[in-house]
Amino acid sequence: MGRPVIYHTPIWWFNIPHRLTRYFDEVFSAGRLCGLSSGDVRSSANPAVNYGTDGLLNQKPYIVTTSMNALKDAFTLPEDFFN
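Here the working numbering is used: the first residue of the sequence shown is 45, the next is one more, and so on.
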């Protein structure tokens, strides 16, 4: 299976930072042109079928973690935003 891919990012204004978004855009856009998505088994007739089931990153373990500069109570109060 190989080594896992780990993305950890702070949340800034309820989104990931622009530089990480830009990185994803550049890497995955370039990857589409250079064969990162070769082996994609979808068809243009029905692209929703088999979405995400193949490609070079299939079977690659990954984890996405985030952090927010907030107190624990901000996430646990029943009447608060994150409930």
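Beta carbons: idealized from backbone N, C-alpha and C, even for Gly.
{"Query": "Isoleucine 109 and histidine 52 closer than 8 Å at C-beta", "Result": "It is worth fixing the name first, because residue 109 is threonine in this sequence and not isoleucine. A contact, by the Cβ cut-off of 8 Å."}
{"Query": "Three-state class that DSSP yields for serine 111 in the structure shown", "Result": "strand"}
{"Query": "Among Asp69, Asn59 and Leu64, the one whose alpha carbon lies nearest that of isoleucine 50", "Result": "Leu64"}
{"Query": "Short Cβ contact (8 Å threshold) for isoleucine 60 with methionine 112", "Result": "no"}
{"Query": "Residue nearest to proline 48 in terms of C-alpha spacing, selected from Ile107, Ala89 and Val71", "Result": "Ile107"}
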